[in-house]
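Scroll down for the structure; my scribbles are underneath it.
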Amino acid sequence: MNKSAINKPGMDKRACTHKLFQDGRRRILIIRPSAVGDIVMASPMIRALKEGFPGAWVGWLAMPAMADLLRGHPLLDGLIFWDKSMWRNLWIHRRFKDLARAVSSFRAEIRTHQFDLALDAQGLLRSRALAWATGATERLGFDSREPGRFLMRRIIDRGPSNRTMSSEYRHMMTQLGLAPERFPPELHVSPEDAALAAEKLQRAGISGPFALICPFTTRPQKHWIEERWADLSGQIGKAFGLPTVLLGGPSDHKSAERLTRTAQGAIRNLTGQTSLGQSMAVVRASDCVIGVDTGLTHMGTAFARPTVALFGATCPYLETERSTTVVLYHQKSCSPCKRRPTCANRFDCMAALTASEIMTALKKLLAKHQDTARPSPSSAMSTPSTAPAAKK
């Protein structure tokens, strides 16, 4: 965890009646430790809190691996890191005394910040425990079936199921008395990551415009049919003259190699070769993004790139505040099954999506947003990390 001096945050009287929220001393911590896509979708909370509570110090508690997503945000005052992997390792090896010391040390250090408000934007037992550990006067978090409700001062639902991107996080803001007019995801790339990403693209033979595909995620029921990616990449090359770049993590290496071979030169594979920050830079530099329900696809929306999102077993949103994003989703009687598919691994909802349908959506997006095309990776990546998110 890194320590930072904290200024003075705050809160609407409707949500909190403690004196600290009435005299201007406001210190707020967002707790959303993990999951790239979820952090991207929760990112609008930073701006909403800073604009809703002028002068507030707003921090974020995250796992160290998520640092690149947040550290460049110009409105975020500080990051607090929770090393979940280290705690888990101590537990697995039955080093309970060391674990107790680590927990005690973490709790003591985080309480030096004297938070007034902890926002549990995850709704799990561990995130509730982290909120409690802050010692914040007010602790507000999402409802769920997880235990630990007693650790929170106030539990809220996730709001109306309107299938709009980030709707649950916007709902949390309304429970604080805020009413943000716009709530798009917002990310910022460091100049260092931009430069390194440009170099890696150039080494892969990309020196101009390119399409980006993001086929990989954590669950097979969220994947599109693998062989169709190669066909799609070929069609993109013929229709738009764009080479296709493939992004993914180290664990996706074998699948990426197989997909690249099938594409017979239509795909440039950067899977496992970029850090999280560099991956953000590649997304920002792309001319279009096509991907499944994964963090990289959500980044396409955050950077206002022409994005076609393919959803099936999960459907976190159908609408965004970006006219640059189109969601393709064929709802079945079993949709969304989330973690419990009932189709004997056929994944009918994803199989229903065709390359032809994606190309139709992509042609409309690129025709509508020609001004968003990037002339080259290096020029696209030279934009300062503090630039405001693109507007609709």
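Using numbering that gives the first Met the number 0, read the sequence shown as starting at 0 and increasing by one per residue. Beta carbons: idealized from backbone N, C-alpha and C, even for Gly. In this text, all values refer to a predicted model and were calculated from it rather than measured experimentally.
C-alpha gap between residue i and residue j, whole angstroms
i	j	result
A397	R106	For residue 397 there is no data in the structure shown, the boundaries of the chain being 0 and 391.
R401	G122	Residue coverage of the chain in this structure runs from 0 to 391, which leaves residue 401 outside it and unanswerable.
H112	F52	18 Å
D251	I266	15 Å
R70	I79	11 Å
G248	H72	23 Å
L317	L269	29 Å
R94	L150	25 Å
V325	M85	39 Å
R339	A34	19 Å
L129	S103	12 Å
E356	L231	10 Å
G147	R127	6 Å
R144	L241	46 Å
E185	G299	10 Å
A64	E108	20 Å
A194	G271	17 Å
Q277	L211	14 Å
Presumed contact (8 Å Cβ cut-off) between residue i and residue j, rounded CB distance
i	j	result
C348	A312	6 Å
I154	M171	Contact doesn't hold; Cβ gap of about 11 Å is too wide.
C342	R162	With a Cβ gap of about 22 Å, C342 and R162 do not count as contacting.
T259	E226	That belief does not hold up - the Cβ atoms of T259 and E226 are roughly 12 Å apart, past 8 Å.
K49	L28	About 14 Å; that fails the 8 Å criterion.
L60	W81	6 Å
S166	G176	Not confirmed; about 18 Å, so no contact.
T296	T306	7 Å
D115	A135	6 Å
Enclosing alpha helix (DSSP H) for residue i [first to last residue]
i	result
A262	252-262
C213	Run containing C213: none in the alpha helix (DSSP H); it sits in the beta strand (DSSP E), 210-213.
T300	294-301
E137	Here E137 belongs to no alpha helix (DSSP H); instead the beta strand (DSSP E) covers 137-141.
I205	Element bounds for I205: n/a, residue is neither H nor E.
T173	166-173
R283	275-284
L98	95-110
Environment of residue i [buried if 16+ CB atoms lie within 10 Å]
i	result
F182	buried
Q394	Residue 394 lies beyond the residue range present for the chain, which begins at 0 and ends at 391; the question has no answer from this structure.
R26	buried
S274	exposed
G204	exposed
P208	buried
G23	Bear in mind that the predicted position of G23 carries a pLDDT of just 49, short of 50, making it unreliable; the figure below should be weighed with that in mind. Exposed, because fewer than 16 other Cβ atoms sit within 10 Å of the Cβ of G23.
D142	exposed
M358	buried
C333	exposed
Q201	exposed
G54	exposed
S42	buried
I91	exposed
N- and C-terminal bounds of the beta strand (DSSP E) containing residue i
i	result
A47	That residue, A47, is in no beta strand (DSSP E); its alpha helix (DSSP H) goes 43-51.
N268	266-268
A308	306-310
F80	77-80
A196	That residue, A196, is in no beta strand (DSSP E); its alpha helix (DSSP H) goes 190-202.
Y316	Looking at the DSSP string, Y316 is not in any beta strand (DSSP E), and its letter there is neither H nor E.
A117	116-119
A61	56-61
R153	153-155
L28	26-30
Which residues DSSP lists as bridging residue i, in chain order
i	result
Y328	F310
I224	DSSP output for I224 lists no bridge partner at all.
V35	In the DSSP output, where bridge partners are listed per residue, V35 has none listed.
Minimum Cβ-Cβ distance from residue i to chain C less than 8 Å
i	result
Q113	Protein chain content of the structure displayed is limited to a single chain, and chain C is not contained in it.
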